[in-house]
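The structure under discussion appears below in the form of structure tokens.
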Amino acid sequence: MLEIQRIRQEKEAILAGLAKRNIDASQTIEAILETDQNWRSAKTQLDQVAAEMNQLARTIGELFKSGQQAEATALKEKTSVLKTQEAELKVQVNAFEESLQALLYTLPNVPNELVVQGREAEDNQNIFEAGTIPQFGFEAQPHWDLAKKYKLIDFELGVKVTGAGFPFYRGKGARLQRALIQFFLDEAIAAGYEEFISPHMVNEASGYGTGQLPDKEGQMYYVKEDDFYLIPTAEVPLTNIYRDVILPDGNFSIKMCGYTPCFRREAGSYGKDVRGLNRLHQFDKVEIVRVEHPDNTAKALDEMLEHVKNLLDKLELPYRILRLCGGDMGFASALTYDFEVYSAAQEKWLEVSSVSRFDTFQANRLKLRFKDDKKTTLCHTLNGSALALPRILASLLENHQTANGIQIPKALQAYTGFSVIE
RNA sequence: GGAGAGUUGGCAGAGUGGUCGAUUGCGGCAGUCUUGAAAACUGUUGAACCGAGAGGUUCCGGGGGUUCGAAUCCCUCACUCUCCGCCA
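Numbering (this note's numbering), first residue to last: 1031 to 1452.
Below, the structure is given as structure tokens:
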């Protein structure tokens, strides 16, 4: 959520920024400013009336105490007019406040200056590439065939027990999955992130805190009896640790990581994009989350990018980094880098990580601030996948396949306990 | 699931209708003392909003009500804890 003070002060810059998302927010901004103006004027009146009421009540109290019943009763009569006024103003103030809030919720974050205007994936900027795309002397198979051939993943069994998008991993497939989780966590911990095992369900307030609510409830699984949401990412429980928190000073850098399963309804998706592991309703992910002083955000983002690069290097996967264009960025993000691994078998790039800075957008909703010379200032939040498992598993299988089996990257062998799947 | 107790400032914990944004203790900060530290003592220490400022308003789990006046009384919802039951 954008800060109202910022909208008051930097209207033009915000409009220009949102234009990069192909959004013309001028009407919304005007409505916000008008509602804000109305709210402030009603609020000022309400405050005045309330002040008078308080004064009167005090006077009446003193009169009663000193036994001046008649005077007190006379004054009491005067309060009824003020009371009516106060009630009316309260209704107004609340109404303005609500519509202001609703309007503010509709505005996405303002893109960083590095972000270019664009509509879709093609407009994203390719800023980095590494690794070599493997050449096979045979016809490379997609991961769903490999998974079947080596009995690593059973999609049909998942359909039987739950439904599409809920696969079983079995045998070496399960082992590989567990190895990856352990590997990612160990790397994150070595990079200074504190590990958390979080709840896999969150309450409504947490959904609002990170921006899944309102509006995107359709993307989350919902447990009606208890009013809980299954987490779509560890970002939600980890970031919400700092909901309603004021850090004591500006000297902080909070680095958290956590492995969780992630649950996403993914309503409306179909076709080859969802084949195999490409898109699931339940998948595993190690997430890194940071809470930073605004001055440190750029550096933190760089560190996170380096961290993810390192993971992919160690997994010996060919990848590229895209800086997302305005139209392709998430609602809350100010700047997002996607990591994509090339799969020579599917002959396409698979998104395996998304690293973003949100600046104050999440912090404003979370009310996450720090004290700075008696002032309270909003913190910055960042997060990134490091990494999401299914597409990593897919690209490991596809890129490291040989005619006789699948080679496990060296860095992973200590975790899997085997070096080849045959 | 049954029964009961509770929700107050960073924490602990008073406060049952009037000057209470709230006693006190701990913690934090500043100071006195000290070569320094500890101890002791003194002072200070919540947040949000409106306002150029002076100042004002709001917040004692959320919402509503009674009253001139509510942390305090009533209604309602949520959450937490304890005991019993069930259970990994």
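All C-beta atoms in this analysis are idealised placements derived from N, C-alpha and C, irrespective of residue type, glycine included. Treat the numbers as computed from the prediction; the structure is a model and nothing was measured.
Take V1252 and list the residues in its own chain whose beta-carbon comes closer than 7 Å to its own, dropping the five residues that flank it on each side.
Here the question's residue 1252 lines up with position 222 in the first sequence. For the sequence presented, residue 1252 should be read as Tyr rather than Val. Contacts found: Y1259.
Over the uninterrupted alpha helix (DSSP H) stretch that includes N1413, give me the two end residues.
For the purposes of this step, residue 1413 is taken as the residue at position 383 of the first sequence. Note, N1413: premise wrong, no alpha helix (DSSP H); beta strand (DSSP E) at 1410-1418.
Out of H1410, R1295, P1141, which one is the CA nearest neighbour of L1045?
Here residue 1045 is taken as the residue at index 15 of the first sequence, counted from 1. Selected option, being the one with the closest Cα: P1141.
Whole-angstrom C-beta distance between V1321 and L1398, which should lie under 8 Å:
Here the question's residue 1398 lines up with position 368 in the first sequence. Here the question's residue 1321 lines up with position 291 in the first sequence. So it is a contact: roughly 7 Å between Cβ atoms.
Output the distance between the C-alpha atoms of V1191 and F1185, rounded to the nearest integer angstrom.
Within the first sequence, residue 1191 is the residue found at index 161, counting from 1. Within the first sequence, residue 1185 is the residue found at index 155, counting from 1. Cα to Cα, V1191 sits roughly 10 Å from F1185.
Rank Q1155, A1194, T1263, S1228 by C-alpha distance to the C-alpha of L1354 and give the top, closest one.
Here residue 1354 is taken as the residue at index 324 of the first sequence, counted from 1. Of Q1155, A1194, T1263, S1228, the residue nearest in Cα terms is Q1155.
Kindly indicate which three-state DSSP category E973 falls into: helix, strand or coil?
Residue 973 cannot be examined here, being either before or after the span of the chain that is shown, 1031 to 1452.
Where does K1315 land, buried or exposed, given buried means 16+ other C-beta within 10 angstroms?
Indexing the first sequence from 1 puts residue 1315 at position 285. With 16 or more neighbouring CB atoms inside 10 Å of its own CB, K1315 falls in the buried class.
So, with DSSP's three-state summary, where would you put Q1165?
On the first sequence, position 135 is the one that residue 1165 refers to. Judged by DSSP in its simplified three-state form, Q1165 adopts coil rather than helix or strand.
From which residue to which residue does the beta strand (DSSP E) around T1290 run?
Counting from 1 along the first sequence, the entry for residue 1290 is found at position 260. Annotation for T1290: the continuous beta strand (DSSP E) segment containing it runs 1283-1293.
Rounded straight-line distance, which links the Cα of I1037 to that of T1390:
For the purposes of this step, residue 1390 is taken as the residue at position 360 of the first sequence. For the purposes of this step, residue 1037 is taken as the residue at position 7 of the first sequence. Cα to Cα, T1390 sits roughly 13 Å from I1037.
Suppose contacts are defined by Cβ-Cβ distances below 8 Å. Is H1323 in contact with F1282 by that definition?
By 1-based counting over the first sequence, the position of residue 1323 is 293. By 1-based counting over the first sequence, the position of residue 1282 is 252. Less than 8 Å separates the beta-carbon of H1323 from that of F1282.
Within the region 1201-1284, note down every full beta strand (DSSP E) run reaching 3 residues or more, in order along the chain.
Entirely contained in the region 1201-1284, the beta strand (DSSP E) runs reaching 3 residues are, in chain order, 1224-1226, 1258-1260.
Identity of the residue in L1144, W1069, L1137, E1092 nearest K1041 by Cα:
To locate residue 1041, count along the first sequence from 1; it is residue 11. A check of alpha carbon separations from K1041 across L1144, W1069, L1137, E1092 identifies L1137 as the nearest.
Spell out the partners DSSP gives R1353 in its beta bridges.
As a position in the first sequence, residue 1353 is number 323, starting the count at 1. R1353 pairs with Q1155, Y1367.
Are the CB atoms of Q1437 and V1450 nearer to each other than 8 Å?
Taking the first sequence and counting its residues from 1, the one referred to as residue 1437 is at position 407. Taking the first sequence and counting its residues from 1, the one referred to as residue 1450 is at position 420. Yes. Within cutoff.
Option in F1196, L1093, L1048, V1338 with minimal Cα separation from F1313:
Numbered from 1 along the first sequence, position 283 holds the residue referred to as residue 1313. Residue F1196 holds the alpha-carbon nearest to the alpha-carbon of F1313 among F1196, L1093, L1048, V1338.
Would you call the region 1231-1241 and the region 1419-1431 touching, i.e. three or more CB-CB distances under 8 Å?
No contact exists between the region 1231-1241 and the region 1419-1431.
With a Cβ-Cβ cutoff of 8 Å, do E1116 and L1076 count as a contact?
Taking the first residue of the first sequence as position 1, residue 1116 is located at position 86. Taking the first residue of the first sequence as position 1, residue 1076 is located at position 46. Using a Cβ distance threshold of 8 Å, E1116 and L1076 count as a contacting pair.
What first and last residue would you give for the alpha helix (DSSP H) that runs through Q1075?
Position 45 of the first sequence, counted from the first residue, corresponds to residue 1075. Taken as a continuous stretch (DSSP letters only), the alpha helix (DSSP H) holding Q1075 covers 1056-1095.
F1388, DSSP secondary structure in three states:
Position 358 of the first sequence holds residue 1388. Here F1388 sits in strand by DSSP.
Pick from E1060, S1386, A1221, Y1349 that is closest to F1369, judged by C-alpha positions:
As a working mapping, residue 1369 is identified with position 339 in the first sequence. Measuring from the Cα of F1369, the nearest candidate turns out to be Y1349.
Could you tell me which residues DSSP puts in a beta bridge with L1380?
In the first sequence, the residue the question calls residue 1380 occupies position 350. Answer is V1371.
If you count every other CB in all the chains shown that lies within 10 Å of the CB of E1150, and 16 or more means buried, which is it?
Indexing the first sequence from 1 puts residue 1150 at position 120. Under this definition E1150 is an exposed residue.
Starting from E1143 and walking both ways along the alpha helix (DSSP H), at which residues does that stretch end?
Position 113 of the first sequence, counted from the first residue, corresponds to residue 1143. Note, E1143: premise wrong, no alpha helix (DSSP H); not H, not E.
Rounded Cβ spacing between E1101 and L1093 (contact assumed at less than 8 Å):
Sequence index remark: in the first sequence, residue 1101 carries index 71 (1-based). Sequence index remark: in the first sequence, residue 1093 carries index 63 (1-based). Between E1101 and L1093 the beta-carbon gap is near 5 Å, inside 8 Å, which marks them as a contact.
Does the count of Cβ pairs from the region 1355-1374 and the region 1413-1426 closer than 8 Å reach three?
These segments touch.
Roughly how far, in whole angstroms, is the beta-carbon of I1090 from the beta-carbon of L1112, given that I think they are within contact range, below 8 Å?
Residue numbering aside, residue 1090 sits at position 60 when the first sequence is read from its first letter. Residue numbering aside, residue 1112 sits at position 82 when the first sequence is read from its first letter. Their Cβ separation, rounded to whole angstroms, is 12 Å, which puts I1090 and L1112 out of contact at 8 Å.
Alpha carbons only, please: which of D1343, A1424, L1335, P1278 is nearest the one belonging to K1404?
As a position in the first sequence, residue 1404 is number 374, starting the count at 1. The residue with the shortest Cα to Cα distance from K1404 is P1278.
Nearest-angstrom Cα separation, counted from L1133 out to M1031:
Translated into the one-based positions of the first sequence, residue 1031 becomes position 1. Translated into the one-based positions of the first sequence, residue 1133 becomes position 103. Cα to Cα, the separation comes out at about 10 Å.
How should I1059 be labelled, buried or exposed, when 16 other C-beta atoms within 10 angstroms of its C-beta is the threshold for buried?
Translated into positions along the first sequence, residue 1059 becomes position 29. Counting C-beta atoms within 10 angstroms of its own C-beta, I1059 has 16 or more neighbours from the protein chains shown and is therefore classed as buried.
Residue range of the unbroken beta strand (DSSP E) whose run includes D1332
As a first step, residue 1332 is located in the first sequence; it is residue number 302 there, counting from the start. First-last for D1332: 1327-1344, but that is the alpha helix (DSSP H), not the beta strand (DSSP E).
G1222 versus P1291: straight-line alpha-carbon distance, rounded:
Start at 1 with the first residue of the first sequence, and residue 1222 comes out as number 192. Start at 1 with the first residue of the first sequence, and residue 1291 comes out as number 261. In this model, G1222 and P1291 are separated by some 22 Å (Cα to Cα).
Give the secondary structure of E1296 by DSSP, where H, G and I count as helix, E and B as strand, and everything else as coil.
Translated into the one-based positions of the first sequence, residue 1296 becomes position 266. DSSP places E1296 in coil when its eight states are reduced to three.
Tell whether a beta-carbon distance below 8 Å holds between E1265 and E1333.
Start at 1 with the first residue of the first sequence, and residue 1265 comes out as number 235. Start at 1 with the first residue of the first sequence, and residue 1333 comes out as number 303. In this structure, E1333 does not lie closer than 8 Å to E1265 by Cβ.
Can you name, in chain order, every residue of its own chain whose Cβ lies under 8 Å from the Cβ of W1379, other than the five neighbours on each side?
The residue given as residue 1379 occupies position 349 in the first sequence. The residues are R1350, E1370, V1371, Y1372, S1373.
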